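Colleague: Chains as they are written, first to last, in my numbering: chain B, 162 to 377; chain G, 162 to 377. All C-beta atoms in this analysis are idealised placements derived from N, C-alpha and C, irrespective of residue type, glycine included. Only a predicted model underlies this, so the values are computations on that prediction, with no experimental measurement involved. Have a look at this one before I ask anything.
2 protein chains.
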Amino acid sequence: MILKCSEHQCRWRRRKEARPEEILDAALDLFTEKGFSATRMADVAKKAGVSKGTLYLYFESKEIIFKELVKTMMSPMVDEAEVAINEFQGSSAELLDKMVTGWWESFWHNKLSAIPKLIISEAGNFPEIAEFYVEVIVKRVRGLFEDIIQQGIDNKEFKACNNKEAARLLMAPVIQANIWKFSLKPYDEALDEKSYIRLHLEIFLSGIKKDDKHAK
Amino acid sequence: MILKCSEHQCRWRRRKEARPEEILDAALDLFTEKGFSATRMADVAKKAGVSKGTLYLYFESKEIIFKELVKTMMSPMVDEAEVAINEFQGSSAELLDKMVTGWWESFWHNKLSAIPKLIISEAGNFPEIAEFYVEVIVKRVRGLFEDIIQQGIDNKEFKACNNKEAARLLMAPVIQANIWKFSLKPYDEALDEKSYIRLHLEIFLSGIKKDDKHAK
DNA sequence: CTTAAGTAACTGACCGGTCAGTTATTTATA
DNA sequence: TATAAATAACTGACCGGTCAGTTACTTAAG
Numbered sequence: 162m163i164l165k166c167s168e169h170q171c172r173w174r175r176r177k178e179a180r181p182e183e184i185l186d187a188a189l190d191l192f193t194e195k196g197f198s199a200t201r202m203a204d205v206a207k208k209a210g211v212s213k214g215t216l217y218l219y220f221e222s223k224e225i226i227f228k229e230l231v232k233t234m235m236s237p238m239v240d241e242a243e244v245a246i247n248e249f250q251g252s253s254a255e256l257l258d259k260m261v262t263g264w265w266e267s268f269w270h271n272k273l274s275a276i277p278k279l280i281i282s283e284a285g286n287f288p289e290i291a292e293f294y295v296e297v298i299v300k301r302v303r304g305l306f307e308d309i310i311q312q313g314i315d316n317k318e319f320k321a322c323n324n325k326e327a328a329r330l331l332m333a334p335v336i337q338a339n340i341w342k343f344s345l346k347p348y349d350e351a352l353d354e355k356s357y358i359r360l361h362l363e364i365f366l367s368g369i370k371k372d373d374k375h376a377k
Numbered sequence: 162m163i164l165k166c167s168e169h170q171c172r173w174r175r176r177k178e179a180r181p182e183e184i185l186d187a188a189l190d191l192f193t194e195k196g197f198s199a200t201r202m203a204d205v206a207k208k209a210g211v212s213k214g215t216l217y218l219y220f221e222s223k224e225i226i227f228k229e230l231v232k233t234m235m236s237p238m239v240d241e242a243e244v245a246i247n248e249f250q251g252s253s254a255e256l257l258d259k260m261v262t263g264w265w266e267s268f269w270h271n272k273l274s275a276i277p278k279l280i281i282s283e284a285g286n287f288p289e290i291a292e293f294y295v296e297v298i299v300k301r302v303r304g305l306f307e308d309i310i311q312q313g314i315d316n317k318e319f320k321a322c323n324n325k326e327a328a329r330l331l332m333a334p335v336i337q338a339n340i341w342k343f344s345l346k347p348y349d350e351a352l353d354e355k356s357y358i359r360l361h362l363e364i365f366l367s368g369i370k371k372d373d374k375h376a377k
């Protein structure tokens, strides 16, 4: 019988397939905890259960690891949002509500929610990553909201207004809370995020909807 | 006649009084441009027109310089806001409008507006600074808005709602735009900030005001 | 089946460069 | 001259990335 290393005691195993994801996972955890610059490749290696040299067998550089995180792990989330919108039946207000509540919920509980704060923190020193993130994530997500709002304006559900500005305004409290979660939250007063978002939607939707025609 | 250095050519002059502010100014510029960690003390020294050693005659460490920036330059802005509120005559909605527009305007054009993004970026690695900032700036500013909103609720101008959440919601788009300005702006679509804030106030105030009693 | 030759995944000591902070020395000024 | 202010050379720790060598696994000949 052939005895593989896995059935013996051995210093390491060959696991070519599993390494990249394990390395990305370890990197995300450490980037989240310490930020990109302050994360040491030695620590990533240790957390991923490999040696430092192995990291460079799979990724050219620290920066490439960061970029790969955005590319391979975040983009799929936007795809999901797109699908959800296309399948939706109902008013624009209901769709916005569903999107914000849904996106919020799924994003808030996902490890990846640390990425926006990371990108913002490091944008100055890694312009390429920031540019990539804006093109691939920011503009796309915002575009979804812009379209829904424009639709609401067209069908007289919402007041006439600049839909691009409105989309940013709709997202701002969500993004703001997300960034806060990964920066000042430990030092600040607690916040009930669900209740916060519910109030946001109440105020925002009430503010953007056409006045009832019987109102003064 | 005694000829002072200033009247000769000389390698340097004694300027004990002027140094601290010049150093803080130089540091703020570089922190804004590169972030805290990526800023080199040698560059701060060069920009301030002194040698690296001189920095340490006036400040114990790089971190202390950062902390001092917040302490001596940002706090006075909160004082101003407090005064403006106390002097104001008018409705709560008008006061909120004035505060957001005014705070926005003055902050947006001030060098110090780079500090929030800096703090958020470095909060993980410099908890002491983050804690200090939250206590001295964040809670105080938010408190001002909380009070105005509560007043509006009490005098039936606003709907009953959680004033702490509402205060955060009012500030979120402003802070969000401020952070964006110092991170993703160079890579993102342009934004007319004045118009953006005007729309925010329209939607928010319209959303939080008590419904007209003749409305359905 | 056994095993020796071959391959590629993996390791970890090391290197070159960087940078916050220190100190021996020089210079401006009272 | 005395000394406070400022300099510039220096130190030592740190870290991203490299590479010569090691080991797990594969394969093919016997």
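1. To the nearest whole angstrom, what separates the beta carbons of A333 of chain G and P334 of chain B, a pair I think is in contact under 8 Å?
2. Spell out whether any CB of chain G is found under 8 Å from the CB atom of D349 of chain B.
3. If you measure beta-carbon to beta-carbon, which residues of the stretch 307 to 340 of chain B are closer than 7 Å to chain G?
4. Rounded to whole angstroms, what's the CA-CA distance from K377 of chain B to S253 of chain B? Just pull it up for me.
5. I want to verify the contact list: residues of chain G whose CB lies under 8 Å from the CB of K405 of chain B, in sequence order.
6. Spell out a yes or no on whether the stretch 305 to 315 of chain B and the stretch 240 to 257 of chain B are touching, meaning 3 or more CB-CB pairs, one atom from each, closer than 8 Å.
7. Given this structure, state the Cα-to-Cα distance separating R172 of chain B from A206 of chain B, to the nearest angstrom.
8. Decide yes or no for the touch test of the stretch 182 to 190 of chain G against the stretch 222 to 236 of chain G: beta carbon pairs closer than 8 Å, at least 3 of them.
9. Given a threshold of 16 other Cβ atoms within 10 Å of its Cβ, counted over all protein chains shown, does E296 of chain G qualify as buried or as exposed?
10. Looking at M202 of chain B and K195 of chain B, is the spacing between their C-beta atoms short of 8 Å?
11. Could you tell me which residues DSSP pairs with F319 of chain G in its beta bridges?
12. Pick from G:E243, G:I225, G:L345, G:F306: whose alpha carbon is nearest that of R329 of chain G?
13. May I have the straight-line CA-CA distance separating K208 of chain G from L218 of chain G, to the nearest angstrom?
14. Rounded to whole angstroms, what's the CA-CA distance from L345 of chain B to S356 of chain B? Just pull it up for me.
15. Excluding sequence positions up to five away, which residues of its chain have a Cβ less than 6 Å from the Cβ of I225 of chain B?
16. Look at the Cβ atom of F319 of chain G, then the Cβ atom of I369 of chain G, and state whether they are nearer than 8 Å.
17. Taking all protein chains shown into account, decide if H361 of chain B is buried (16 or more other Cβ within 10 angstroms of its Cβ) or exposed.
18. Between which two residues does the alpha helix (DSSP H) holding G285 of chain G run?
19. Give the residues from the stretch 243 to 261 of chain G that approach chain B closer than 9 Å (Cβ to any Cβ), ordered along the chain.
20. Examine chain B for any beta-carbon lying closer than 8 Å to the beta-carbon of H270 of chain G, and answer yes or no.
21. Can you tell me whether DSSP reads S253 of chain G as helix, strand or coil?
22. Specify, as a first and last residue, the run of the alpha helix (DSSP H) that A203 of chain G falls within.
23. Consider the Cβ of G368 of chain B: report whether some Cβ of chain G lies at a distance smaller than 8 Å.
24. Chain B beta carbons: is any one of them nearer than 8 Å to that of S222 of chain G?
25. Is the CB of L273 of chain B under 8 Å away from at least one CB in chain G?
26. Contact defined as beta carbons within less than 8 Å: I believe K107 of chain B pairs with K317 of chain B. What is the distance between those atoms, to the nearest angstrom?
27. Taking Cβ to Cβ, would you say V261 of chain G is nearer than 8 Å to I340 of chain G?
28. Within 10 angstroms of its Cβ, does K177 of chain G collect 16 or more other Cβ (buried), or is it exposed?
29. According to DSSP, is R174 of chain B part of a helix, a strand, or is it coil?
30. Which residues in the same chain have their Cβ closer than 7 Å to the Cβ of R175 of chain B, if we skip the five residues on either side of it in sequence?
31. Whose C-alpha, out of B:F343, B:R301, B:G285, is nearest the C-alpha of T200 of chain G?
32. Under 8 Å, Cβ to Cβ, is there at least one residue of chain B near V205 of chain G?
Modeller: Let's see:
1. 4 Å
2. yes
3. C322, N323, E326, A327, R329, L330, A333, P334, I336, Q337, I340
4. Confidence is the limiting factor: at K377 of chain B the pLDDT is only 34, short of 50, which leaves the residue's position unreliable, though a coordinate-based value still follows. Whole-angstrom Cα-Cα distance: 24 Å.
5. The first residue shown for chain B is 162 and the last is 377, placing residue 405 of chain B beyond what the model contains.
6. yes
7. 15 Å
8. yes
9. exposed
10. no
11. G:K370
12. G:F306
13. 16 Å
14. 19 Å
15. none
16. yes
17. buried
18. Per DSSP, G285 of chain G belongs to no alpha helix (DSSP H) and is neither H nor E.
19. none
20. no
21. helix
22. 202 to 209
23. yes
24. no
25. no
26. Outside the displayed range of chain B (162 to 377) lies residue 107 of chain B, so it cannot be described from this structure.
27. no
28. exposed
29. coil
30. none
31. B:G285
32. no
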